[in-house]
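In order, the protein sequences belong to chains A and B. Heads up, the first sequence is in numbering that gives the first Met the number 0, so the first residue is 0 and it goes up one at a time. Heads up, the second sequence is in numbering that gives the first Met the number 0, so the first residue is 0 and it goes up one at a time. Written out below as structure tokens is the structure these notes cover.
There are 2 protein chains.
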Amino acid sequence: MDTIGDILRTERENRNLLLRQASALLEIDQAILSKIERNERKATKEQLNGFAKVYELDIETLLILWLGEKIYKNIENEDFPLKALKVAEEKVKYNKTKK
Amino acid sequence: MDTIGDILRTERENRNLLLRQASALLEIDQAILSKIERNERKATKEQLNGFAKVYELDIETLLILWLGEKIYKNIENEDFPLKALKVAEEKVKYNKTKK
DNA sequence: TGTACATTTGACACATCTTGTCAAGACAAA
DNA sequence: TTTGTCTTGACAAGATGTGTCAAATGTACA
């Protein structure tokens, strides 16, 4: 299952960019970039926009994956993750109609 | 749509407990309890267990609702919440089989 | 092997978010 | 007003997130 880190690493390699070069383009410290690509750190939302721009990736796809992983990190060690997701989903739908 | 706060306030009132009394039983500061019941603060997991014990509520139900609200707070102001939830769900299922 | 270059790791400081504590404010009933 | 209940806001301590840097590790090849 592809993680954001996997994708970003692949995209960088497809462009034949070294970490050093990509980190300059992205204005992200090389150490942080390394960690993001190995899923040791989560990118900030701002950094995510940078990736989309520099690598010309679809920001929507990236955002969804990024948020999905954020959610997952919240629930991976909890007891009833799927039921909790269902609750969250219902709340989203409910509050959409309410507006 | 019932929030944890709503439920906890109702349960306390059903038992004719004042905030002061409930906060003593629960060993939670009264100000915090007030805020939890009005959904201004989220209970900690430990406090949640306290509620279940003192009010004799099903801890599983409480946990699911609590986690669901936590997830929801993460996504309510994001652009593609439902798709992100789907991603998280797939990750949960995928990592379940992996173990 | 040694050297140059790329990547990873870990320690640190700084900022932001979370949590608990407390006192004062708001509100209702008598 | 007085009394009792609930709410609000300010604060401190702790936890978590983020960026920076230098040292350590890994890799290719002369």
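Just so it is clear, CB atoms sit at the ideal spot from N, CA and C, and this is done for glycine as well. Source: prediction; values computed, not measured.
For residue i, the nearest candidate out of the options (CA to CA)
i       : options                               : result
B/Glu89 : A/Asp57, A/Glu68 and A/Leu17          : A/Glu68
A/Met0  : A/Arg14, A/Tyr93, A/Asn38 and A/Thr43 : A/Asn38
B/Thr2  : B/Arg14, B/Asn13 and B/Lys41          : B/Lys41
8 Å Cβ cutoff met for residue i and residue j
i       : j       : result
B/Gly49 : B/Ile27 : yes
B/Ala83 : A/Ile70 : yes
A/Ile63 : B/Phe79 : yes
B/Leu7  : B/Ser22 : no
B/Leu66 : A/Glu75 : no
A/Asn73 : B/Asn73 : yes
B/Val91 : A/Leu61 : no
Per-residue burial, residue i [other beta carbons within 10 Å of its own, 16 or more giving buried]
i       : result
A/Gln20 : exposed
B/Arg11 : buried
B/Ala87 : buried
A/Tyr54 : buried
B/Ala30 : exposed
B/Leu17 : exposed
Taking any Cβ of chain B, which residues in the segment 82-94 of chain A have a Cβ under 9 Å from it, in chain order? From the segment 82-94 of chain A, only Lys82, Ala83, Leu84, Lys85, Val86, Ala87, Glu88, Glu89, Lys90, Val91, Lys92, Tyr93 and Asn94 have a Cβ closer than 9 Å to chain B.
Using a Cβ-Cβ cutoff of 7 Å, what residues of the segment 61-72 of chain B are near chain A? List them in chain order. Leu62, Ile63, Leu64, Leu66, Gly67, Lys69, Ile70 and Tyr71
Near-chain A residues of the segment 45-61 of chain B (beta-carbon distance less than 8 Å), N- to C-terminal order: Here the close residues are Glu59.
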